[in-house]
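Read left to right, the sequence shown gives residues 818 to 1020 (our numbering). Just so you know, even glycine gets a beta-carbon here, dropped at the ideal spot from N, CA and C. Quantities reported herein were computed from a predicted structural model and do not represent experimental measurements. Report on the structure given below.
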Amino acid sequence: MIRTAYLCILAVSGAYMASAQTPQVNQVGKKAAEQWMEHGSWRKGLSEKPHPSIDARTFYVQYHKHAEWWEKAFTFLNRKDLGSLAPGNYPIVGQDVYASISTYVPKDLDKTQWEAHRKYADIQCVIEGEEKIGESPVSKLTQTVPYDESKDAANYKGPGKYYLARPGTFFIFFPGEGHRPSLRVNASDTATVKKIVIKMRAD
């Protein structure tokens, strides 16, 4: 009887602590989140650096909701044999977290569209070569292709900012954040790019 009561107290205490932590995570300020992203213990030896375009506050909140998923994702990203892995999909945490490695020749801007997801966040990192990646809030874009649940994607057109993506730096695009990857750096570029995209289920 005493053991049962003790277990009930532990369960209630655990539930209370979890509910108490959530508001704290959601209430973190932008500056604190940026400091955490730059110097936080989440890195755990990760050699790749986060790109400044990442929404640090959203990253902070999503990370603390599923820290074990993010740790496993970054452990995979930090693999020393990443460059030798063949193109294809690699499960990390079932369908909640998985990696996709691909090789391709980047395209001209007019051959691509903006895209955004609802279910998954993207961690994108160039392994070999270089490309440009665009970033823009969906609120500033005009939808051209409706959301397709099977692809977890909708397409858009509109303005945005473009960044150079090279090995050693990763980008994160959360649901509702438009992104436009796989763009040529120069019109004459024909070199192949090898890239990893880790899909993270987002709440």
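Item	Value
Would a C-beta distance cut-off of 9 angstroms place Ile1015 and Tyr915 closer than the cut-off?	yes
Ends of the alpha helix (DSSP H) at Trp886?	884 to 894
Given Met854, which residues of its chain have a CB within under 8 angstroms of its CB, disregarding the five upstream and five downstream residues?	Pro867, Ile871, Ala873, Phe876, Tyr877
In whole angstroms, what separates the C-alpha of Gln844 from that of Ala1004?	44 angstroms
Counting C-beta neighbours from all protein chains within 10 Å, is the total for Asn972 16 or more, i.e. buried, or is it exposed?	buried
Would you mind reading off the limits of the beta strand (DSSP E) that contains Trp931?	931 to 933
Beta-carbon separation of Tyr937 and Arg997 under 9 angstroms?	no
Alpha carbon to alpha carbon, what distance is there between Gly900 and Ile909?	17 angstroms
Any contact between the stretch 847 to 862 and the stretch 954 to 968? By contact I mean 3 or more CB pairs, one from each, below 8 angstroms.	no
Which two residues bound the contiguous alpha helix (DSSP H) that contains Glu851?	847 to 856
Closer than 8 angstroms by C-beta to Leu1000: which residues in its own chain qualify, once you throw out the five before and the five after it? Chain order, please.	Pro923, Lys924, Asp925, Leu926, Thr929, Glu948, Lys949, Ile950, Gly951, Tyr979
If distances are taken between C-alpha atoms only, which option among Thr1009, Gly977, Thr986 comes closest to Glu994?	Gly977
What do you get for Tyr880, buried or exposed, if any count of 16 or more other CB atoms within 10 angstroms of its CB means buried?	buried
Answer with buried or exposed for Gly946, where buried requires no fewer than 16 other C-beta atoms within 10 angstroms of its C-beta.	buried
Which residues does DSSP list as the beta-bridge partners of Ser919?	Lys1012
Could you give the DSSP three-state label for Ser1005: helix, strand or coil?	coil
Do you know offhand how far Ser953's Cα is from Ala903's?	31 angstroms
By the three-class DSSP mapping on this structure, what secondary structure does His868 have?	coil
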